[in-house]
Structure formats: C-alpha cells, structure tokens
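FYI, in the UniProt record's numbering the residues of the sequence shown are 1 to 258. Ideal placement from N, C-alpha and C gives every residue a C-beta, glycine not left out. Input: a single structure, listed below in structure tokens.
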Amino acid sequence: MVTARQEPRLVLVSVAYEDDCLVFRAPGAEQLVLPSKLPSSNANCVLVGFQKHPESWRPVELKRFTITALGIFGLDIKGRDCGDEAAQWFTNFLKTEAFRLVQFEKSMKGRASRNIFPSFVQNYQVAYPDCSPVMILSEASLADLNTRLEKKVKMDHFRPNIVVTGCDAFEEDTWDEIRIGSTEMKKVLACPRCIMTTVDPDTGVIDRKEPLETLKSYRLCNPSEKHIYKSSPLFGIYYSVEKIGSLKVGDPVYKMVQ
C-alpha cells in the first residue's frame, strides 16, 4: 500500500462520483473514468464512460479486473484490480514505479481495526482506511491551531470527512455518541497525527515540520494513554458507525446522552 506518506503528490488527486462512475482528476493529467462497481462476470469487456455523454463510452477488457491480495499495516486484505489503464494513469502522474489501483467489494473480508488500535470493538472491520471510515474535526479546532502557526493551514491538511461548525475548539473530543441525520456514531479514539499533516494539499510538497511540531507542543495525550498514542499529537476524532443512515451538509450534530 502506498499513501501520501510515501507519495505526497497523491493529495493532488481528486475523485468524484458522476453518472455512476468514479472520476479521477489531477493537475496536468487527463481525467480517468472507471465504473463505480467493477464487474466480476466472465464477459469479454465492459463499457466505461459518462452516462449522459454516450460518445465517451469505450470498451475495457474484463480480464484485467482480477482479485489480488495486498497488505495494509501488515494485515492481509483483498481488492479487485482496476486494470492497466488506471495503473498507468497513476504511474504517469506520480512519475514513479508502477502502482495498481484496487477496489474493495462487499463480499470481501475487511481488516480488524482492533489489530491497529485495541480500543476498537472486537468485530469492527474496515477496508483500506487506517482504522475507521469516519473522522470528525471542527472548524473551531482548526482556528485554534492557526492562532499558533506562523503559516496558516487548511482543513485539507487533516482530511476529515465530516467537518463541524458552531462549537468550541476541541469540543468534539467530548462527544462519546452522536447522531447526524439518521446516522448514529460512537467515539472510538482520537486521531493520532503523523507526517502526512505536513503535506501541502495545494502543491503536494512535504514540509516534515509544521503543523505537526506545533500540534506536539499542546495536543499530546494524557500519560495514561501513551501506550495507545505514543508521541503522536491528537487532532480530530475517529467514530464507528453504530446505526447506518443518511446525512447531508447542514445537518445538526446531536450529542446523545443516556
């Protein structure tokens, strides 16, 4: 597995869901269009393109979409290879050795988050995220950090998939159970930050110092939790999904109490 820790320019790649396709875009590169669900049949080829633009459809050989084994943090997991075209697109953009893009399928077995952080419940599984599919961070926490930095940073440095407004700085640290829309989530642990926070999301250049050093000056864990977080500063909260539902931008966040 390779991430922006090893290849910082990966932060310049964006992905969008359009017309039942995944569209990858990057500076100076033609967009890459893949079906959102790779076929697993024995047909010879599949058509790939935008639903509203028939002229964009093209055949892609199915034999290239094979299931492959890979490792993440030393744990075995599988994925369906997205084909030579996707591999070449990433290789050309990164200008490095050949990488393969894979897609996780529901029928595949996930990785146990507990093997990374013991505080996760026994049977909680993820596919390719470090340990959780949901990480929440508030704008107030980012604003607090920026008061301590000479060069301001953006939310994109930290990659939360849910951003909360209207609360105090680090108030999210205290939310043990929350509901957003019809989705219920439970706090698992704080997000320990690494060198990836020093990658500039606009340039793909790694700094290796800030904002990580400043975070270490005031966001280290309690001594009693050092066996979990070690020397990593904490910024943002990992949540497990307890009740699957829907949520949208603008939904209020409710703190659930017993």
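As assigned by DSSP and simplified to three states, the class of residue i
i: Arg111; result: strand
i: Thr214; result: helix
i: Val188; result: strand
i: Pro35; result: strand
i: Asp84; result: helix
i: Met256; result: coil
i: Arg179; result: strand
i: Arg9; result: helix
i: Asp251; result: coil
i: Met196; result: helix
i: Asp168; result: coil
i: Met1; result: coil
i: Leu75; result: strand
Buried or exposed (CB count within 10 angstroms, at least 16 for buried), residue i
i: Gln31; result: exposed
i: Gly79; result: buried
i: Leu75; result: exposed
i: Glu172; result: buried
i: Phe73; result: exposed
i: Gln103; result: buried
i: Glu7; result: buried
i: Gly236; result: buried
i: Pro160; result: buried
i: Gly83; result: buried
i: Pro211; result: buried
i: Met185; result: buried
Distance between residue j and residue i (C-alpha atoms, nearest Å)
i: Lys230; j: Ile180; result: 31 Å
i: Tyr128; j: Asp144; result: 30 Å
i: Ser107; j: Val126; result: 13 Å
i: Leu94; j: Ala169; result: 37 Å
i: Arg111; j: Cys194; result: 21 Å
i: Phe24; j: Ala16; result: 7 Å
i: Gly28; j: Thr96; result: 16 Å
i: Ala190; j: Ser224; result: 14 Å
i: Ile136; j: Asn123; result: 22 Å
i: Asp176; j: Lys187; result: 5 Å
i: Leu101; j: Ala86; result: 6 Å
i: Leu142; j: Gly166; result: 13 Å
i: Ala4; j: Leu10; result: 5 Å
i: Lys152; j: Glu139; result: 13 Å
i: Asn219; j: Leu70; result: According to the sequence provided, residue 219 is Arg. The question's Asn does not apply to it. Taking the straight line from one Cα to the other gives about 34 Å.
Unbroken beta strand (DSSP E) run spanning residue i, endpoints
i: Ala69; result: 67-72
i: Tyr229; result: Premise fails: Tyr229 lies in the alpha helix (DSSP H), 226-229, not in any beta strand (DSSP E).
i: Ala143; result: Segment 139-146 is the alpha helix (DSSP H) holding Ala143; no beta strand (DSSP E) there.
i: Tyr239; result: 234-243
i: Ser14; result: 14-18
i: Phe24; result: 21-25
i: Val163; result: 162-164
For residue j and residue i, believed in contact at Cβ under 8 Å, the rounded distance
i: Leu149; j: Thr203; result: About 17 Å; that fails the 8 Å criterion.
i: Val33; j: Cys21; result: 5 Å
i: Tyr254; j: Ile178; result: 6 Å
i: Thr183; j: Lys248; result: Between Lys248 and Thr183 the Cβ distance is about 10 Å, and since that is not below 8 Å, they are no contact.
i: residue 277; j: Thr198; result: With the chain covering 1 to 258 only, the question about residue 277 has no answer from this structure.
i: Met155; j: Val163; result: 6 Å
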